[in-house]
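Residue numbers (full-length UniProt numbering): 1 to 357.
The block underneath contains the structure these notes are about, expressed in structure tokens.
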Amino acid sequence: MAEIRLENLRHSYVANPQHEEDYALKRLSITWQDGGAYALLGPSGCGKTTLLNLISGLLTPTEGRILFDGRDVSHASPEARNIAQVFQFPVIYDTMTVFDNLAFPLRNRNVPEDEIKIRVAEIADMLELTKTLHKRASGLTADGKQKISLGRGLVRPDVNVIMFDEPLTVIDPHLKWQLRSKLKELHLRTKRTMIYVTHDQTEALTFADQVVVMNLGEVVQSGTPIELFERPQHTFVGHFIGSPGMNVLPCELRGGQAFFAESPVPAANIGQARIAGRTELGIRPEFVSIAEAGIPAEVVRVADAGRYRIVETRSHGHTIKLLLKEGGEVPSGHTFLSFDPAHTQVYEDGWMAGAHR
Ligand SMILES: Nc1ncnc2c1ncn2[C@@H]1O[C@H](COP(=O)(O)OP(=O)(O)OP(=O)(O)O)[C@@H](O)[C@H]1O
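Dropping the structure here:
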């Protein structure tokens, strides 16, 4: 396994890129530790596949370098990079047995048969495929086949990194959580460097120790699931992560204070605001509460979400959502809201004031 370092990496599909918008992947520098579990998370078209293809060697970067354990592989072939990849759809040989499918990557590298038996038995055990080892792969369900794909990715002990590209897309929703926890367990057991690409926040946050959030070809934040939740560096991260996402409200900054529609709103990072550009307040629904006084609002909708309710309010033409614990009283019509100052942040042109970019 290897440490993976991306240095000033930038990629354009245009022949002579001139402008920032010509780049499908904006400049990024990032280091992924040997043995870590990482996720690349972002909406369709944000550049995840481009980044994955640069790492695997299917694309050569327009600018920058890719280093595996300090060795520059930016121009090396995919084979020379020694990466295992698991794709959205199972890549297996239907006519072969499950055993032969799992043994395939090892036989390709001339691993002795005795060793293959041990390795395949180990991987089959981890993925609960032992009973099916001598069956033909064609007889398995879609998730059984995808388990074989995962197994083929995990079977070689000498790969630098294992990359998963939306691996649960074809899996039945009720089985997804099973495979998701299986993957996490596999990482803990094998301690391989793993990169998991997805547009699904639940998959990213449950799998990875560190999540890289991308939008419009740019990395907007890289952090632990808790950091992404508690300190979204960009309003996009606040919106994209969390259910419901962060409330984002326009605000005015004057006299060292933030105001939403003339109501003063204390914010944790007000001291770091430069009062430049478009200014907004970000507050997660978890940290908004009903109050006796504060920001006037109208309750417009209440949705039951099991252990809590999502209360949707309108204030000065803006929607503000809050979470109410079981048993909490929902006022009808007019009410007031208060924001927890420790979890209220000022954003300038989308970026958290004082954020290190
Ligand atoms: N071969 C290509 N030629 C030109 N433009 C491309 C090519 N591949 C991707 N793009 C563009 O690059 C941008 C990033 O695409 P990319 O496929 O990397 O995003 P993604 O996050 O993986 O999306 P998805 O989840 O839909 O696969 C998009 O604007 C896309 O249209």
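Virtual Cβ for every residue (Gly too), placed ideally from N, Cα, C.
Consider the C-beta atom of Ser56 and the heavy atoms of ligand 1; say whether any pair is separated by less than 7 Å.
-> Between ligand 1 and Ser56, a heavy atom-to-CB distance of less than 7 Å is absent.
Spatial distance of Asp200 from His134 (CA atoms) | 34 Å
Give a single yes or no on whether Ala24 has its beta carbon closer than 7 Å to a heavy atom of ligand 1.
-> yes
Should Thr130 be listed as close to ligand 1, given that the test is whether its C-beta is under 7 Å from any heavy atom?
-> Incorrect: Thr130 has no Cβ contact closer than 7 Å to ligand 1.
Nearest-angstrom Cβ-Cβ length linking Leu102 and Val86, presumed shorter than 8 Å | So it is not a contact: roughly 13 Å between Cβ atoms.
Given Gln33 as reference, the closest of Ile295, Lys191 and Asn16 once Cα atoms are compared | Lys191
Residue interval of the alpha helix (DSSP H) (run including Thr49) = Lys48 to Ser56
Answer yes or no: the CB of Thr344 versus the heavy atoms of ligand 1, is any distance below 7 Å?
-> no
Compute the distance between the beta-carbons of Phe287 and His343, then report whether it is under 8 Å.
-> Contact flag set, yes.
Can you name the residues that DSSP bridges to Asp125?
-> Answer is none; Asp125 lacks a bridge partner.
Any contact of the segment 285-305 with the segment 328-347, i.e. 3+ C-beta pairs under 8 Å?
-> yes
Is Tyr13 near ligand 1, in the sense that its beta carbon is under 7 Å from a heavy atom of that ligand?
-> yes
Check Phe104 in the structure and name its three-state DSSP category.
-> helix
For Pro244, collect the residues of the same chain with a Cβ closer than 8 Å to its Cβ; drop the 5 residues on either side in sequence, then sort them by chain order.
-> Pro285, Ile310 and Lys321
Identity of the residue in Ser315, Thr169, Leu281 and Gly139 nearest Leu337 by Cα | Ser315
Have a look at Gly238, Gly256 and Pro43 and flag the residue whose alpha-carbon is nearest the alpha-carbon of Leu249.
-> Gly238
Below 8 Å on the Cβ atoms is my guess for Arg152 versus Phe104; work out the distance and round it to an integer in Å.
-> About 7 Å separates the two Cβ atoms, so the contact holds.
DSSP three-state assignment for Leu168, whether helix, strand or coil | coil
Nonlocal neighbours in the same chain, by C-beta distance under 8 Å from Arg307, ignoring five residues either side = Lys325 and Glu326
Gly45 Cβ short of 7 Å to ligand 2 heavy atom set = Here the bound small molecules are ligand 1; ligand 2 is not part of this structure.
To the nearest angstrom, report how far apart Ala150 and Glu312 are at their CA atoms.
-> It should be noted that the sequence gives Leu, not Ala, for residue 150. Between the C-alpha atoms of Leu150 and Glu312 there is a straight-line separation of about 42 Å.
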